[in-house]
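Counting along the sequence shown from 1, when you hit position 32 you're at 31 in numbering that gives the first Met the number 0, and nothing is skipped either side.
C-beta: ideal position from N, C-alpha, C; glycine also.
Here the structure is a predicted model, which is why all the values come from computation and not from measurement.
One structure is given below, encoded as structure tokens.
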Amino acid sequence: MTLRRKYEEKFFRVLSAIFTLVIVFVLAHIIWSIVEKGFSSLSWDIISKEPQGGFYFGKEGGILNAIAGSFYLAICATILAFLVSLPVALFMNTYLIKYGRTLTGIRFFLDVLWGIPSIVYGAFGFTIMIYFGLKSSLGFGILTVGAMISPIMIRAMDEVLKTTPIGLQEASYALGSTKTETAYKVLFRQALPGFATAILLAFGRGIGDAASVLFTAGYTDYIPRNFSDPTATLPLAIYFQLGSPIPEVQNRAYAAAIILTFTVLVISVSARLLSRNKHKSS
0 MTLRRKYEEK FFRVLSAIFT LVIVFVLAHI IWSIVEKGFS SLSWDIISKE PQGGFYFGKE
60 GGILNAIAGS FYLAICATIL AFLVSLPVAL FMNTYLIKYG RTLTGIRFFL DVLWGIPSIV
120 YGAFGFTIMI YFGLKSSLGF GILTVGAMIS PIMIRAMDEV LKTTPIGLQE ASYALGSTKT
180 ETAYKVLFRQ ALPGFATAIL LAFGRGIGDA ASVLFTAGYT DYIPRNFSDP TATLPLAIYF
240 QLGSPIPEVQ NRAYAAAIIL TFTVLVISVS ARLLSRNKHK SS
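Next comes the structure, spelled out in structure tokens:
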């Protein structure tokens, strides 16, 4: 190795280390700021009670409405997206596997949908909602978030299926199985751990998004009882409370941010552990 190449390698190694430290520092600073401002407001009441009278003026109450609404919306949207994504991903990797250009085009289209800002999905859902004369509700928020996370789940499942040995499909066909039977009885079982990771990633995106539900899910101080009721979510609770001039309310917003950050962290770690176990088993 020449002296110039040694210096180049050392330079890029130092540069990479600096950028890594900067990213870690910024992330740590964000988390510390949230914890510092919101930890004092964390209590059993804030996670177990709905907003009471005067809550937005610093009085008693909690954000149970936003916590429950976020989980209702994210869980139902993830289930909806899974019901759409599973057959699409399996179809792409069984029936379209021999049509390279078509498959490439579909993957490119899904990548474009993945990259569309969530506010665009919210605006699209709001337009449809107004056209049919509907109102903001949990159900429409589920449809909007489900549409937003479906491309994410499809592409994640597609990447998992691409790593499945082609010999499994050929062996299944040799035994007389149809493509549908191969897809659901062979590929699905083989890729199940990877599918679980895809589901968790999509769920994490859905529970932490605010823009897509700003116009479609509405906001309320109550836990929704059915799909036609509006629902609060943690991101919107943070957004609305941070706009308050009252310090106590702002601190509650940071407490809600701690809850949301911890939830997303648990989901991300779980997804990584599942992915690591899948690679070890394979």
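| message | If I measure Cβ to Cβ from L133 and keep anything under 7 Å in the same chain, skipping five residues before and after, which residues do I get? | response | Position 134 of the sequence shown, counting from 1, holds the residue named residue 133. These residues qualify, in order along the chain: F139.
| message | Quick check on the DSSP output: the alpha helix (DSSP H) that includes D110 runs from which residue to which? | response | Residue 110 sits at position 111 when you count from the first residue of the sequence shown. 99 to 114 is the span of the alpha helix (DSSP H), which, as asked, contains D110.
| message | Would I66 and I258 qualify as a contact pair, given that the criterion is a beta-carbon distance under 8 Å? | response | The residue given as residue 66 occupies position 67 in the sequence shown. The residue given as residue 258 occupies position 259 in the sequence shown. Contact flag set, yes.
| request: Since I believe G68 is in contact with T230 (beta carbons under 8 Å), could you give me their beta-carbon distance rounded to a whole number of angstroms? | output: Here the question's residue 230 lines up with position 231 in the sequence shown. Here the question's residue 68 lines up with position 69 in the sequence shown. Yes, they are in contact, since the Cβ atoms of T230 and G68 sit about 4 Å apart, within 8 Å.
| C-beta contact flag for V144 and L200 at 8 Å | Taking the sequence shown and counting its residues from 1, one reaches residue 144 at position 145. Taking the sequence shown and counting its residues from 1, one reaches residue 200 at position 201. Contact flag unset, no.
| said: Quick check: what's the CA-CA separation for Y183 versus L89? | reply: Counting from 1 along the sequence shown, the entry for residue 183 is found at position 184. Counting from 1 along the sequence shown, the entry for residue 89 is found at position 90. C-alpha separation (whole angstroms): 8 Å.
| query | Assuming I206 contacts V263 under a Cβ cut-off of 8 Å, what Cβ separation, rounded to an integer in Å, is found between them? | reply | Locating residue 206 in the sequence shown gives position 207, counting from the first residue. Locating residue 263 in the sequence shown gives position 264, counting from the first residue. Yes, they are in contact, since the Cβ atoms of I206 and V263 sit about 7 Å apart, within 8 Å.
| message | Looking only at its chain, what residues have a beta carbon closer than 7 Å to the beta carbon of Y238, apart from the 5 residues adjacent to it on each side? | response | Within the sequence shown, numbered from 1, the residue matching residue 238 stands at position 239. Same-chain partners within the cutoff: A209.
| message | Determine whether the beta carbon atoms of N64 and I222 lie at a separation below 8 Å. | response | For the purposes of this step, residue 64 is taken as residue 65 along the sequence shown, with counting starting at 1. For the purposes of this step, residue 222 is taken as residue 223 along the sequence shown, with counting starting at 1. Taking 8 Å as the Cβ cut-off, N64 and I222 qualify as a contacting pair.
| message | Please return the same chain residues whose Cβ sits closer than 7 Å to the Cβ of C75, not counting the five positions on each side in sequence. | response | In the sequence shown, the residue the question calls residue 75 occupies position 76. Here the set comprises I141.
| task | Using a threshold of 8 Å, state whether the C-beta atoms of F131 and T215 are closer than that. | result | Stepping through the sequence shown from its first residue, residue 131 is reached at position 132. Stepping through the sequence shown from its first residue, residue 215 is reached at position 216. No, the pair does not count as a contact, with Cβ atoms beyond the cut-off.
| request: Please report how far the alpha carbon of R224 lies from the alpha carbon of I165, in whole angstroms. | output: Walking along the sequence shown from the start, residue 224 turns up at place 225. Walking along the sequence shown from the start, residue 165 turns up at place 166. Spanning the two alpha carbons is a distance of roughly 47 Å.
| said: Does F131 come out as helix, strand or coil in the three-state DSSP assignment? | reply: As a first step, residue 131 must be located in the sequence shown, where it is residue number 132. Three-state result, F131: coil.
| query | With respect to the alpha helix (DSSP H) encompassing I222, which residues constitute its N-terminal and C-terminal limits? | reply | Within the sequence shown, residue 222 is the residue found at index 223, counting from 1. Where I222 is concerned, there is no enclosing alpha helix (DSSP H), given that its DSSP letter is neither H nor E.
| said: Am I right that S211 and S136 are in contact with their C-beta atoms under 8 Å? What's the rounded C-beta distance? | reply: Within the sequence shown, residue 211 is the residue found at index 212, counting from 1. Within the sequence shown, residue 136 is the residue found at index 137, counting from 1. Wrong, their Cβ atoms sit about 14 Å apart, outside the cutoff.
| field | Own chain, CB closer than 7 Å to S267, minus 5 neighbours either side, in chain order | value | Within the sequence shown, residue 267 is the residue found at index 268, counting from 1. The answer, listed in chain order, is G203.
| Pairwise C-alpha distance: E158 and S149 | Residue mapping note: residue 149 aligns to position 150 of the sequence shown, counting from 1. Residue mapping note: residue 158 aligns to position 159 of the sequence shown, counting from 1. So the alpha carbons of these two residues sit roughly 14 Å apart.
| field | CA-to-CA distance, F70 to L233, given in whole angstroms | value | As a working mapping, residue 233 is identified with position 234 in the sequence shown. As a working mapping, residue 70 is identified with position 71 in the sequence shown. Straight-line Cα distance between these residues: approximately 9 Å.
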